[in-house]
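Working notes for the structure below.
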Amino acid sequence: MSAKARFLKKLQDQHPRRTDFDTKAEADIAAFRQRISQLQETMETWLAGTDIRTETTVVSLIELLTGGSAFTVPGITLHYAQRRIRFTPVFLYGQGVTGCIEVCLYAEGTLQPLYRLFMRSGDRHDWTWCPAGMQRGKPEWFDEEAFFTMIAPLLPE
Numbered sequence: 717m718s719a720k721a722r723f724l725k726k727l728q729d730q731h732p733r734r735t736d737f738d739t740k741a742e743a744d745i746a747a748f749r750q751r752i753s754q755l756q757e758t759m760e761t762w763l764a765g766t767d768i769r770t771e772t773t774v775v776s777l778i779e780l781l782t783g784g785s786a787f788t789v790p791g792i793t794l795h796y797a798q799r800r801i802r803f804t805p806v807f808l809y810g811q812g813v814t815g816c817i818e819v820c821l822y823a824e825g826t827l828q829p830l831y832r833l834f835m836r837s838g839d840r841h842d843w844t845w846c847p848a849g850m851q852r853g854k855p856e857w858f859d860e861e862a863f864f865t866m867i868a869p870l871l872p873e
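Last residue of the sequence shown: number 873 in this note's numbering, and the count goes up by one each step with no gaps.
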């Protein structure tokens, strides 16, 4: 962990967290928002010194498992030349997972799903990932190596 990351984590730990949510869903939505923002900060650290630009987007979700309530969460777009990789939140609750982000490449007028990230998966409380369309198996830990594997298609052949 870099000195900057340690500093920012320590700074964040200094602020009291809101723990008086009325429902588990409210707490999970707040955690999803916070974890996506932290994920973007981490990506920006990993991408420092490159020509890849990050952009925060706003994504609206409707979670049917919480009574059909709508809420917004941040999304992340990475830009390089005419290509983009979008990290788009797609649902809060799924089978065995909480907080799913779809990772897609947008290039030359086409959309290609690449991977999925999960805020929590099974007993894992850190980000995990798997290839798009993979329904079975255990997601892998998400780290810097996985990140650069995911965004490799951002660079033209």
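Built from N, CA and C at the ideal position, the CB exists for glycine as well.
Terminal residues of the beta strand (DSSP E) in which residue i lies
i    : result
L833 : 826 to 837
L777 : 769 to 779
F803 : 799 to 810
T844 : 844 to 847
Nearest neighbour of residue i, chosen from the options [CA to CA]
i    : options                : result
I778 : L755, G815, R751, I867 : G815
I772 : L780, L755, T766       : It is Thr, not Ile, that sits at residue 772 in the sequence shown. Answer by Cα proximity: L755.
P805 : F748, T826, L794, M866 : F748
V813 : G838, Y822, A823       : G838
A862 : R799, T758, T793, L827 : T758
S776 : I745, T761, G765       : I745
T761 : Q811, A719, G783       : A719
E818 : W843, G825, A741       : W843
E783 : Q828, A823, T739, H841 : Inspection of the sequence shows that residue 783 is occupied by Gly rather than by Glu. The residue with the shortest Cα to Cα distance from G783 is T739.
G751 : T766, G810, F834, A741 : Reading off the sequence, residue 751 comes out as Arg, not Gly. Checked all of T766, G810, F834, A741; the closest Cα to R751 is F834.
F867 : H841, Q828, R840       : For the record, residue 867 in the displayed sequence is Ile; it is not Phe. Nearest of H841, Q828, R840 to I867, Cα basis: Q828.
G810 : R722, A721, A741       : A741
M717 : T865, E860, F864       : E860
S753 : F864, T766, V774       : V774
T826 : F864, T865, P869, W857 : P869
Supposed contact pair residue j and residue i - C-beta distance, whole angstroms, cut 8 Å
i    : j    : result
L724 : Y796 : At roughly 25 Å, the Cβ-Cβ gap does not stay under 8 Å, so L724 and Y796 are not in contact.
R832 : A848 : 6 Å
L830 : C820 : 6 Å
I801 : L808 : Their Cβ separation, rounded to whole angstroms, is 22 Å, which puts I801 and L808 out of contact at 8 Å.
T770 : L763 : 7 Å
R799 : Y822 : 7 Å
As assigned by DSSP and simplified to three states, the class of residue i
i    : result
S885 : This structure does not reach residue 885, given that the chain is present from 717 up to 873, and the question cannot be answered.
A721 : helix
L871 : coil
A823 : strand
T766 : coil
Run of the alpha helix (DSSP H) containing residue i, from where it starts to where it stops
i    : result
E760 : 740 to 762
- [ ] Determine, using beta-carbon pairs with one atom in the region 783 to 790 and one in the region 845 to 865, whether at least three such pairs fall under 8 Å.
- [x] no
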